[in-house]
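**Student:** Numbering (mature numbering (1 follows the signal peptide of the UniProt record, and there is no 0)), first residue to last: -21 to -1, 1 to 308.
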């Protein structure tokens, strides 16, 4: 009887229901002509948007089906519409900019942006040219920033650098090999200082802070795992492996429920065909839901899953639309 009671207690304390989602409702928000590569997607604190980063250096805001998209923000002070709008020329990224990730401060409505090669920026709720906050850390110039999240408690901005040795132009070159020079960084708006929290990461991507600000999770793409860095408590300033995944993880996003979504792109080792999936996981690192997006993104990488009011908005570097998915989430 005692053993049965213990079993029931352990079951109630540690059992986590797992859901393999059935096919749900999927729709597309088509980008404007010549706009492509919606790497990151977000909704503002008032429910406006979604906002999306695109390949030509702009951040766009969706105003609804009657009005479409508007230009919301840019990062490069040298950007001109004549040269940059619609461009896919990677040699123009320093002139046009290439924002790859962003996050809203829910108190101030400011949008913090990481531009892959130009650095960390911020723009107010009305948009416009963004203000650069940092272009380097510890004397090392940013070359491939890719994700950011604002701590909901302190307002600090956590962001990741995939590497310090190559930039976004290199990843399509023959013979390219990633390295373990990625970093996890923090920007404090009060001191205006950047701190390097972790080094030697094998392609660090897309951090997300816990609802109580006690830790930050992020993807280490090269090692196919999700890491947790503790910010507070007796484990502060330590890192641990939260769980491993069967493919290449990308940007993590926190939900309004306090758990997280991470896209995982599973590659067949024989054919190199990509099967894109979404994993929902809780603060304990337990995967509670999986969604297969093969029907909507066959053979394509997905880069972000941002949930708002039960709807997932999906980003991908290789399409010209924002995905919108709803099914028991």
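Beta carbons are placed, not taken as given, at the ideal position from N, Cα and C, and that holds for glycine. The model shown is predicted, which means the values in this text are computed figures rather than measured ones.
(1) Among all the DSSP beta bridges, which residues are the ones paired with residue 89?
(2) If residue 229 sits next to residue 198, beta carbons under 8 angstroms apart, how far is it from one beta carbon to the other, in whole angstroms?
(3) Quick one: complete alpha helix (DSSP H) runs, 4+ long, within the segment 50 to 117?
(4) Give me the Cα-Cα distance between residue 6 and residue 304, rounded to the nearest whole angstrom.
(5) Going by beta carbon distance, what residues of the same chain come within less than 7 angstroms of residue 66, once the five residues before and after it are set aside?
(6) Once the 5 residues before and after residue 90 are set aside, which same chain residues still bring their CB inside 6 angstroms of it?
(7) Under 8 angstroms between the Cβ atoms of residue 41 and residue 72?
(8) Quick check: what's the CA-CA separation for residue 186 versus residue 254?
(9) If you draw a straight line from the C-alpha of residue 374 to the C-alpha of residue 117, how long is it?
(10) Using 10 angstroms around the beta-carbon of residue 242, count the other beta-carbons present and answer buried if the total reaches 16, otherwise exposed.
(11) Could you check the C-alpha separation between residue 104 and residue 97 for me, to the nearest Å?
(12) With residue 287 as the anchor, note down where its beta strand (DSSP E) starts and where it stops.
(13) Quick one: residues in its chain with C-beta nearer than 6 angstroms to the C-beta of residue 13, no 5 flanking neighbours on either side, listed in chain order?
(14) List the DSSP bridge partners of residue 165.
(15) Alpha carbon to alpha carbon, what distance is there between residue 210 and residue 132?
(16) CB residue 10 to CB residue 33, shorter than 8 angstroms?
(17) Just to confirm, are residue 289 and residue 262 a CB contact at a threshold of 8 angstroms?
(18) Strictly by DSSP, which residues pair up with residue 271?
(19) Hey, quick one: how far does the beta strand (DSSP E) through residue 239 stretch, first residue to last?
(20) Look up residue 200 in the DSSP assignment and say whether it is helix, strand or coil.
(21) What does the alpha-carbon distance come out to for the pair residue 225 and residue 246?
(22) Pick helix, strand or coil for residue 229, following the three-state DSSP scheme.
(23) Ends of the beta strand (DSSP E) at residue 293?
**Tutor:** Taking the geometry as given:
(1) If you number the chain shown from 1, residue 89 lands on position 110. Per DSSP, none; premise fails for residue 89.
(2) Mapped onto the chain shown, residue 229 falls at position 250. Mapped onto the chain shown, residue 198 falls at position 219. The pair is a contact, with the Cβ atoms about 6 angstroms apart (cut-off 8 angstroms).
(3) 60 to 63 and 72 to 75
(4) If you number the chain shown from 1, residue 6 lands on position 27. If you number the chain shown from 1, residue 304 lands on position 325. Looking at the two C-alpha atoms, the distance is approximately 7 angstroms.
(5) The residue labelled residue 66 in the question sits at position 87 within the chain shown. 35 and 75, listed in sequence order.
(6) The residue you call residue 90 lines up with position 111 of the chain shown. Result list for residue 90: 81, 83 and 102, in chain order.
(7) On the chain shown, residue 41 is found 62 positions in, with the first residue counted as 1. On the chain shown, residue 72 is found 93 positions in, with the first residue counted as 1. Not a contact, by the Cβ cut-off of 8 angstroms.
(8) In the chain shown, counting from the first residue as 1, residue 186 sits at position 207. In the chain shown, counting from the first residue as 1, residue 254 sits at position 275. Roughly 23 angstroms separates the two Cα atoms.
(9) This structure gives no information on residue 374, because the portion of the chain shown stretches from -21 to 308.
(10) As a working note, residue 242 is residue 263 in the chain shown. Buried is the call here.
(11) Against the chain shown, residue 104 aligns to sequence position 125. Against the chain shown, residue 97 aligns to sequence position 118. Approximately 21 angstroms, taken between the alpha carbons.
(12) The count along the chain shown starts at 1 and reaches residue 287 at position 308. From DSSP, the beta strand (DSSP E) with residue 287 extends over 283 to 287.
(13) The residue given as residue 13 occupies position 34 in the chain shown. Result list for residue 13: 65, in chain order.
(14) Position 186 of the chain shown, counted from the start, is the residue given in the question as residue 165. Paired residue(s): 137 and 174.
(15) Translated into positions along the chain shown, residue 132 becomes position 153. Translated into positions along the chain shown, residue 210 becomes position 231. Spanning the two alpha carbons is a distance of roughly 12 angstroms.
(16) By 1-based counting over the chain shown, the position of residue 10 is 31. By 1-based counting over the chain shown, the position of residue 33 is 54. Contact: yes.
(17) For this step, residue 289 is matched to residue 310 along the chain shown. For this step, residue 262 is matched to residue 283 along the chain shown. No, they are not a contact pair.
(18) Position 292 of the chain shown, counted from the first residue, corresponds to residue 271. 256, per the DSSP bridge assignment.
(19) Numbered from 1 along the chain shown, position 260 holds the residue referred to as residue 239. Note, residue 239: beta strand (DSSP E), 239 to 246.
(20) The sequence position of residue 200 within the chain shown is 221, counting from 1. The answer is helix: DSSP assigns residue 200 an H, G or I state.
(21) Locating residue 225 in the chain shown gives position 246, counting from the first residue. Locating residue 246 in the chain shown gives position 267, counting from the first residue. Going from the Cα of residue 225 to the Cα of residue 246 covers about 9 angstroms.
(22) One-based indexing of the chain shown puts residue 229 at position 250. In the structure shown, residue 229 adopts coil according to DSSP, grouped into three states.
(23) The count along the chain shown starts at 1 and reaches residue 293 at position 314. Taken as a continuous stretch (DSSP letters only), the beta strand (DSSP E) holding residue 293 covers 290 to 294.
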